[in-house]
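For reference, the structure is listed below as structure tokens.
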Amino acid sequence: MKKMMKIIMVVLVGIMMVGCGSSDDGNVKKIYVGTNAEFAPFEFLKDGKTVGFDMELIEEISKEIGIDIEIKDMSFDGLLPALQAKKIDMIIAGMTSTEERKKSVNFTNSYYIANQVIITAKELGNIATFDELKGKKVGVILGFTGDVVVSKIDGVEVKKYNAGYVAIMDLKAGKIDAVVLDSEPAKNFIKNNDGIKIASAKGDKEEYAMAVYKDNIELLEKINKALMVLKENGTYDGLLKKWF
Ligand SMILES: *[C@@H]1O[C@H](CO)[C@@H](O)[C@H](O)[C@H]1NC(C)=O
Ligand SMILES: *[C@@H]1O[C@H](CO)[C@@H](O)[C@H](O)[C@H]1NC(C)=O
């Protein structure tokens, strides 16, 4: 009986040591990826899972690099602080690599070119420039590029939302005159909602990139290299076709 106990103990201790060893051998095997799953078709929830272009892209990148990833879904304006606090290792969230954000994090090479558009009710006349938003009630999503763009235009009554679909609901209910949003999610809302349209005004081109915390150059370079491989071997184009 004593001998049996001893064997069990040895086995148990052995298992514990293996457990420690694998998480402590200096090689990063798993990284935490922050996103905000309210940005279809880049990232959104479907049957409780985060899916979309970004999700499949980072999955392919992780395979190429040889690491596991775990997605952390959080509010968009919580992403940069979480990354700076190293609670997550990187961000993929349809995030534009602006000069302002570059002050706090490092961005990878860009993986998508987008621009801001204006969504209005169908019956409203066309809006041809962003300056024409003057005097209007305009919905933006907190921390999104649209928030920054619209907040710079004088004389706009800005209403900030935590999620795009809430802004669209208010627009359809006539509570606001317009919503400023990135082009792809805007198209997605138009597809799924009656009575709204995209105005002809186009914002400046902007580049979506993934972010890592400052000086995590190793991960940054691995991602850039993997992105290049995926662009060259057709995986990236396949994902574009699938999601846009
Ligand atoms: C391209 O590379 C990725 C990552 O290594 C791999 O998963 C994928 O199967 C490759 N695709 C093709 C068409 O070779
Ligand atoms: C990372 O950010 C620092 C500080 O802004 C910058 O000097 C550096 O060039 C960036 N590194 C890369 C690889 O982009």
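Count along the sequence shown from 1, then add 49; that gives the number in my numbering. For every residue, glycine included, the Cβ atom is placed at its ideal position computed from N, Cα and C.
Residue i (DSSP reduced to helix, strand or coil)
i      : result
Gly204 : coil
Lys209 : strand
Asn158 : strand
Thr84  : strand
Asn164 : strand
Thr99  : strand
Leu279 : helix
Thr147 : coil
Ala227 : strand
Lys79  : strand
Ile217 : helix
Ile320 : Absent from the structure is residue 320, since the part of the chain shown begins at 50 and ends at 293.
Ile140 : strand
Phe179 : helix
Ser111 : helix
Lys152 : coil
Asn273 : helix
Asp74  : Its pLDDT being 47, under 50, Asp74 is placed unreliably in this model, and the value from its coordinates should be taken loosely. The answer is coil: DSSP assigns Asp74 none of H, G, I, E or B.
Val59  : With a pLDDT of 49 at Val59, under the threshold of 50, the modelled position of this residue cannot be trusted, and the question is left open.
Cys69  : Low confidence applies to Cys69: its pLDDT is 41, below 50, so where it sits in the model is not reliable enough to give any reading.
N- and C-terminal bounds of the beta strand (DSSP E) containing residue i
i      : result
Lys240 : Run containing Lys240: none in the beta strand (DSSP E); it sits in the alpha helix (DSSP H), Ser232 to Asn241.
Lys93  : Reading off the sequence, residue 93 comes out as Phe, not Lys. First-last of the beta strand (DSSP E) with Phe93: Glu92 to Lys95.
Glu172 : Glu172 -> no beta strand (DSSP E), and no H or E assigned at all.
Glu255 : Ile245 to Tyr262
Asp122 : Asp117 to Asp122
Lys186 : Lys186 to Ile190
Residue from the options whose Cα sits closest to the Cα of residue i
i      : options                           : result
Glu255 : Val187, Glu233, Leu128 and Gly223 : Glu233
Phe156 : Asn211, Leu94 and Tyr257          : Tyr257
Met218 : Val187, Ile110, Ser200 and Asn265 : Val187
Thr47  : Asn158, Asp138 and Lys136         : With the chain running from 50 to 293 in the structure shown, residue 47 is simply not present.
Asn241 : Met259, Lys121, Lys221 and Ile190 : Lys221
Ala123 : Glu267, Glu281, Val82 and Ile167  : A small correction: the amino acid at residue 123 is Met; Ala does not occupy that position in the sequence shown. The shortest C-alpha separation from Met123 is found at Val82.
Gly252 : Glu181, Leu94, Phe238 and Met104  : Glu181
Leu128 : Glu148, Val154 and Phe238         : Val154
Lys271 : Thr147, Phe91 and Gly115          : Gly115
Gly244 : Glu172, Gly287 and Tyr262         : Glu172
Residue i - containing alpha helix (DSSP H), residue span
i      : result
Gly127 : Phe125 to Gln133
Lys291 : Thr284 to Trp292
Cβ-Cβ separation, residue j to residue i (assumed contact under 8 Å), whole Å
i      : j      : result
Leu279 : Glu113 : 7 Å
Gln133 : Val229 : In fact, because the Cβ distance is near 26 Å, the residues do not count as touching under 8 Å.
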